[in-house]
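K.L.:
Chains as they are written, first to last, in the numbering used here: chain A, 1 to 333; chain B, 1001 to 1168.
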């Protein structure tokens, strides 16, 4: 029991430490890559190639004055960034980063926990993650903030449906809700090959769910002047920012596990034990890069376009996909 | 240790419940309710009901409460409307119901807890709470009620759209 506790606590510490580090450097990567796409340099002054920029930003966040607007709802205003970042970090608890390895004669599995309802847990936390953004905009007593919050709520409720429906076809193919088992069914054919439509839909819905361009309606600089986080400053703003990137990375990891075969190479090419974690990381990196790339490429959709896309295209397509998958799965069985 | 965690969740659930009643601001009430829902989800998890835990988070704490918060924000109800001090029918009825609830809760205590272990042991709970077990029961033994419930929900959905369509 004590062994188990110590191992779990160590794993949690390592995973969250690494996650926060990766979050910090994803901001650097995004700014540099966006810079390249927009034919400018991006941050390259602090340290070699601007590598110390995240550190400088963090320090700056700590030392800036923390302003609470006079008519804000104080409790909710302070609570909102916390509500935003906690679920974002908690998602990582069920994600398997690789197989197991031996250390000091103990078998260490490369995940914090393997619950058999991992997928549902992720969906549940995604639902809770909305509160931070919604309440942040509402509590700051600002018109732009409130509009951002309302848009977030509407957008997330709409896309959560399509997201959930897309997952059903993946679950039907894999026959499990546990991420580890879903990964283990993809040793030969990744789910991206078996379920190309689901992969495509999940990518779009995922982007909408984490409020990423082209679905960054809650922020929409041009019309809402940054939306829900307009009144936030210093570390509270930084927490929203970190939550956003934590969501980005978790989405990349979830897609890797669900559709890109986790730590396995495609077409049944055997993956040596040592390569498993690097393979997983490489896939996550490609996805994160894709998310940055598409941010630099696609213009933002209009609010009504987002709603129309979600309800009139993605959801019917997801339903049709479930139907087709059902027919094929029964026919094969 | 399980018991200690249970009491933490239980305390949060009760605090959330009290918060729902006492908060003057509707958003604070709704948030307290979210707290209660999440604590209940934790208690379900402690009892090995993983599926119910996930659904509680997804449906109640996530979707339904988001909608409630959304509506409160849209209507912009900042504070409760002027309090009615009058003892209306609703208040009396509510008090009677609350009293009945207390009686229902106290009766088993008064009858005396026997202390004998029931049928729901740790092993049974672990088996019963799994997704596999639940879905098997749902799609074999309880298939008809399940289908009827889904039709009922669909009727509700179509009805809501039909009612709203008139105003669009």
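Note that CB positions come from ideal geometry on N, CA and C, so glycine has one too.
Among all the DSSP beta bridges, which residues are the ones paired with residue 103 of chain A?
P.N.:
Residue 103 of chain A is bridged to A:106.
K.L.:
Say whether chain B places a C-beta atom closer than 8 Å to the C-beta of residue 65 of chain A.
P.N.:
no
K.L.:
Report all residues from its chain with a CB closer than 6 Å to the CB of residue 137 of chain A; omit the five preceding and five following residues, and keep chain order.
P.N.:
145, 146, 148, 149 and 228
K.L.:
Which residues in chain A sit within 9 Å of residue 1130 of chain B, going by Cβ to Cβ distance?
P.N.:
At a C-beta separation below 9 Å, residue 1130 of chain B has these neighbours in chain A: 116 and 117.
K.L.:
Quick one: is the Cβ of residue 3 of chain A within less than 7 Å of any heavy atom of the ligand SAM?
P.N.:
Looking for the ligand SAM in the displayed structure turns up nothing, as the structure carries no ligands at all.
K.L.:
When you compare the CB of residue 1062 of chain B with every CB in chain A, is at least one pair closer than 8 Å?
P.N.:
yes
K.L.:
Quick check for students: name the residue ranges of the alpha helix (DSSP H) that lie wholly in the stretch 130-180 of chain A, counting only runs of 4 or more.
P.N.:
Those alpha helix (DSSP H) runs which fall completely within the stretch 130-180 of chain A and span 4+ residues are 143-174.
K.L.:
Relative to the C-alpha of residue 320 of chain A, which candidate in A:54, A:197, A:125 and A:15 has its C-alpha closest?
P.N.:
A:197
K.L.:
Given a threshold of 16 other Cβ atoms within 10 Å of its Cβ, counted over all protein chains shown, does residue 1069 of chain B qualify as buried or as exposed?
P.N.:
buried
K.L.:
Are there 16 or more other CB atoms within 10 angstroms of the CB of residue 357 of chain A, so buried, or fewer, so exposed?
P.N.:
In the structure as shown, chain A starts at 1 and stops at 333, and residue 357 of chain A therefore has no counterpart that could be examined.
K.L.:
Express the C-alpha separation of residue 114 of chain A and residue 281 of chain A in angstroms, rounding to a whole number.
P.N.:
19 Å
K.L.:
Kindly say whether residue 1051 of chain B, judged by its beta-carbon, lies nearer than 8 Å to any beta-carbon of chain A.
P.N.:
yes
K.L.:
Under 8 Å, with one C-beta from each stretch per pair, do the stretch 1-15 of chain A and the stretch 48-56 of chain A reach the 3-pair mark?
P.N.:
no
K.L.:
Under three-state DSSP, which class holds residue 304 of chain A?
P.N.:
helix
K.L.:
Flag this pair as touching only if the stretch 175-190 of chain A and the stretch 108-124 of chain A have three or more C-beta atom pairs under 8 Å; answer yes or no.
P.N.:
yes
K.L.:
Do you know how far the Cα of residue 1042 of chain B is from the Cα of residue 1127 of chain B?
P.N.:
18 Å
K.L.:
Could you tell me which chain B residues have their CB closer than 8 Å to the CB of residue 134 of chain A, listed as they occur along the chain?
P.N.:
1066, 1069, 1070 and 1073
K.L.:
Assign residue 38 of chain A to one of three DSSP states: helix, strand, or coil.
P.N.:
Annotated three-state conformation of residue 38 of chain A is coil, per DSSP.
K.L.:
I'd like to check one pair, residue 191 of chain A with residue 259 of chain A: are the Cβ atoms closer than 8 Å?
P.N.:
yes
K.L.:
Using 8 Å as the cut-off, can you tell me whether the stretch 1021-1030 of chain B makes contact with the stretch 1089-1102 of chain B, which would need three or more C-beta pairs spanning the two stretches below that distance?
P.N.:
no
K.L.:
Scan the stretch 275-319 of chain A and note each continuous alpha helix (DSSP H) run of 4 residues or more that stays entirely inside, going in chain order.
P.N.:
276-297 and 303-308
K.L.:
Hey, residue 119 of chain A and residue 83 of chain A: beta-carbon distance below 8 Å or not?
P.N.:
no
K.L.:
So what's residue 232 of chain A in DSSP terms, helix, strand or just coil?
P.N.:
coil
K.L.:
Got a sec, what are the start and stop residues for the alpha helix (DSSP H) residue 1 of chain A sits in?
P.N.:
Segment: none, residue 1 of chain A is in no alpha helix (DSSP H) and carries neither H nor E.
K.L.:
Have a look at A:7, A:309, A:8 and A:3 and flag the residue whose alpha-carbon is nearest the alpha-carbon of residue 159 of chain A.
P.N.:
A:309
K.L.:
Which of the three DSSP states is assigned to residue 22 of chain A in this structure?
P.N.:
helix
K.L.:
Does the Cβ of residue 216 of chain A have 16 or more other Cβ atoms within 10 Å, making it buried, or fewer, making it exposed?
P.N.:
buried
K.L.:
Looking only at its chain, what residues have a beta carbon closer than 7 Å to the beta carbon of residue 165 of chain A, apart from the 5 residues adjacent to it on each side?
P.N.:
315, 318, 319 and 322
K.L.:
Would a C-beta distance cut-off of 8 Å place residue 301 of chain A and residue 279 of chain A closer than the cut-off?
P.N.:
No, they are not a contact pair.
K.L.:
With a cut-off of 8 Å, does the C-beta of residue 1054 of chain B fall near any C-beta of chain A?
P.N.:
True, the Cβ-Cβ gap to chain A drops below 8 Å.
K.L.:
Measuring only between beta-carbons, confirm whether residue 263 of chain A sits less than 8 Å from chain B.
P.N.:
no
K.L.:
If I follow the unbroken alpha helix (DSSP H) through residue 53 of chain A, where does it start and stop?
P.N.:
Annotation: the continuous alpha helix (DSSP H) that includes residue 53 of chain A extends over 53-63.
K.L.:
Do residue 1038 of chain B and residue 1061 of chain B come within 8 Å of each other at the CB atom, strictly closer than that value?
P.N.:
yes
K.L.:
Taking residue 76 of chain A as the reference, which of A:103, A:63, A:99 and A:133 has the closest Cα?
P.N.:
The residue with the shortest Cα to Cα distance from residue 76 of chain A is A:133.
K.L.:
Between residue 27 of chain A and residue 1007 of chain B, what straight-line distance do the alpha-carbon atoms span, to the nearest angstrom?
P.N.:
40 Å
K.L.:
Closer than 8 Å, Cβ to any Cβ of chain A: which residues of the stretch 1024-1052 of chain B, in chain order?
P.N.:
1025, 1027, 1028, 1031, 1034, 1038, 1041, 1050 and 1051
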